[in-house]
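In the working numbering, the protein residues as written are 12 to 167. Even glycine gets a Cβ: it sits at the ideal position worked out from N, Cα and C.
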């Protein structure tokens, strides 16, 4: 009921999945597509509360009518650092976005992964990125069978 209430009152809901022994935490929106015709958003990393705030910032951008799409970069979402939006492959949805599937009753709905850089400005798909940073986020734009083996593929 909380999801529906938040979507009705605020336009979207943010699901927080905290970091645990299996891996980093993640957050994702439910309702942006329903309310604003915008893609749902997902972020992965250690601080779900910071990511919650970042998704709300991007959600407010969408609510004001801005188009959010694959390949876009946005400044001042992650402590002044650039974030990049990437389309999530539909084959990841059941693994990560179960509550959104329940809300919409079925895919397809579009999800954009909000990728954030390390302290040096490198994204997790770049070889020069810190190892810990590379492991903190999946590459959801890749089909699961093409994703590098690691914490994100252990549940498949």
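Confirm, please, whether the CB-CB distance from residue 34 to residue 52 is below 8 Å. Start at 1 with the first residue of the chain shown, and residue 52 comes out as number 41. Start at 1 with the first residue of the chain shown, and residue 34 comes out as number 23. Their beta carbons are not under 8 Å apart, which means residue 52 does not touch residue 34 by this criterion.
Of the choices 97, 94, 95 and 117, whose alpha-carbon is the least far from that of residue 105? Residue mapping note: residue 105 aligns to position 94 of the chain shown, counting from 1. Of the candidates 97, 94, 95 and 117, the one whose C-alpha sits nearest the C-alpha of residue 105 is 117.
With DSSP run on the structure shown, which of helix, strand or coil describes residue 85? Here residue 85 is taken as the residue at index 74 of the chain shown, counted from 1. In the structure shown, residue 85 sits in a strand (DSSP, three-state: E or B).
Which whole runs of the beta strand (DSSP E) in the segment 49-108 are 3 residues long or more, in chain order? Within the segment 49-108, the complete beta strand (DSSP E) runs of at least 3 residues are 51-56, 84-89 and 92-98.
Report the CB separation of residue 99 from residue 83 in whole angstroms; it is logged as a contact under 8 Å. In the chain shown, the residue the question calls residue 99 occupies position 88. In the chain shown, the residue the question calls residue 83 occupies position 72. The Cβ separation is near 14 Å, so there is no contact.
If we count the other Cβ atoms within 10 Å of its Cβ and call it buried at 16 or more, is residue 50 buried or exposed? Within the chain shown, numbered from 1, the residue matching residue 50 stands at position 39. Buried, by the Cβ-count rule.
What does the Cβ neighbour count give for residue 130, buried or exposed, with the cut at 16 atoms within 10 Å? On the chain shown, residue 130 is found 119 positions in, with the first residue counted as 1. Exposed is the call here.
Quick check on this structure: which residue in 127, 111, 60 and 91 has the alpha carbon closest to the alpha carbon of residue 148? Indexing the chain shown from 1 puts residue 148 at position 137. Measuring from the Cα of residue 148, the nearest candidate turns out to be 127.
Is residue 37 helix, strand or coil by DSSP? Position 26 of the chain shown, counted from the first residue, corresponds to residue 37. DSSP places residue 37 in strand when its eight states are reduced to three.
Alpha carbons only, please: which of 140, 141 and 121 is nearest the one belonging to residue 151? By 1-based counting over the chain shown, the position of residue 151 is 140. Among 140, 141 and 121, the Cα nearest to that of residue 151 belongs to 121.
Residue 97 and residue 154 - do their beta-carbons sit closer together than 8 Å? Working through the chain shown from its first residue, we reach residue 154 at position 143. Working through the chain shown from its first residue, we reach residue 97 at position 86. Against a cut-off of 8 Å, the Cβ pair of residue 97 and residue 154 comes out as no contact.
Would residue 73 and residue 66 qualify as a contact pair, given that the criterion is a beta-carbon distance under 8 Å? Stepping through the chain shown from its first residue, residue 73 is reached at position 62. Stepping through the chain shown from its first residue, residue 66 is reached at position 55. No.
Report all residues from its chain with a CB closer than 6 Å to the CB of residue 59; omit the five preceding and five following residues, and keep chain order. Position 48 of the chain shown, counted from the first residue, corresponds to residue 59. Excluding sequence neighbours, residue 59 sits near 27, 29, 36 and 38.
Here's a check: name, in chain order, each residue in its chain whose Cβ is nearer than 6 Å to the Cβ of residue 19, leaving out the five neighbours to either side. Sequence index remark: in the chain shown, residue 19 carries index 8 (1-based). Taken in chain order, the list of residues that qualify is empty.
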